[in-house]
Amino acid sequence: MLNSMKKGELYIISAPSGAGKSSLIHEVLKRSSSSDSSIELSVSATTRLPRPKDIDGQDYFFMTKEKFEELEKKEAFLESANVHGNKYGTLKDYVNSKLEVGINLILDIDVQGFEQIQQKDIPNTSVFIIPPSITELKSRLLKRNADTPEVIEERLKNAIAELGGANNYDHKILNENFDMASDELYNLIMNRGVQNKDAKHISEILEDLLSN
32 MLNSMKKGEL YIISAPSGAG KSSLIHEVLK RSSSSDSSIE LSVSATTRLP RPKDIDGQDY
92 FFMTKEKFEE LEKKEAFLES ANVHGNKYGT LKDYVNSKLE VGINLILDID VQGFEQIQQK
152 DIPNTSVFII PPSITELKSR LLKRNADTPE VIEERLKNAI AELGGANNYD HKILNENFDM
212 ASDELYNLIM NRGVQNKDAK HISEILEDLL SN
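So for the sequence shown, our numbering puts the first residue at 32; every next one is plus one.
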């Protein structure tokens, strides 16, 4: 029975900070659990110390720096990065174990991680979440009330740089209306890569964003 099971697919989702990627992924996972569809969020490996409520194997695969570097040498990661002094990566064996049993796996990574995976020619469907405008993006970052004005400005600069790589993704989803964007992302995964109907409109918005 297992041999005839349709393999799952890998979905890479990226976005600049404040574009609403995490909220969209959370909504898709919520719909998946209520509809009994097989969509899961990939769990990353990390060298950072667990926080009080973290669960190993559910929030992250926690490991020592030595173990992580040993796995890097063995090319055990699809992608990896050093973030604020801690290492993060996506384990190949973990991803393959999910895909083999028909689970569609969401990989929430940045543009650099996406580029690493593309260089390795690993089959995937990639999605870039686009904010409606830089003004709206700044407004969302301010509403978080978690960063200083200097950090927000730096995030906006990084956002524009990341938006420059959006055309390398298979699909672009405009997160102007949350319900519509979450519908589109969910349907894209369930239908294994539906063509974006508003591609021309989104390309125009992306061009405008990059002109800032």
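No residue lacks a Cβ here, since even glycine has one placed at the ideal position from N, Cα and C.
In the three-state DSSP reduction, ASN206 falls in the coil class, being neither helix nor strand. Selection GLU193, SER170 and VAL74 evaluated against GLU110 yields VAL74 as nearest (Cα-Cα).
Residue burial annotation: VAL142 is buried, with at least 16 other C-beta atoms found within 10 angstroms of its C-beta.
Contact between the region 40-53 and the region 156-168 is established, with three or more Cβ pairs separated by less than 8 Å.
For ILE56, the CB contacts under 7 Å within the same chain, skipping 5 residues up- and downstream, are ILE44, LEU72, ILE137 and ASP139 in chain order. Collapsing the DSSP output to three states places ILE134 in coil. For ILE183, the enclosing alpha helix (DSSP H) has its first and last residue at 180-194. In the DSSP assignment, LEU72 falls within the beta strand (DSSP E) that extends over 70-72. The beta-bridge partner set that DSSP reports for SER157 consists of ILE43.
Looking at the backbone, the Cα of ARG186 and that of MET36 are separated by about 43 Å.
For PHE92, the pairing in a beta bridge is given by DSSP as ALA76. Contact between LEU172 and SER48 holds: CB atoms are separated by about 7 Å, below the 8 Å threshold. When rounded, the separation of the alpha-carbon atoms in ILE236 and ILE165 is 10 Å. Non-local C-beta neighbours of LYS96 in its own chain, meaning closer than 8 Å and more than five positions away in sequence, comprise THR78 and LYS118, ordered along the chain. Per the coordinates, the alpha-carbon of LEU102 lies some 11 Å from the alpha-carbon of THR121. Between GLU193 and ILE204, the CB-CB gap reaches or exceeds 8 Å.
Between the alpha carbons of GLU238 and GLU146 lies a gap of roughly 21 Å.
By the CB criterion at 8 Å, GLY51 and ASN198 fall outside the cutoff.
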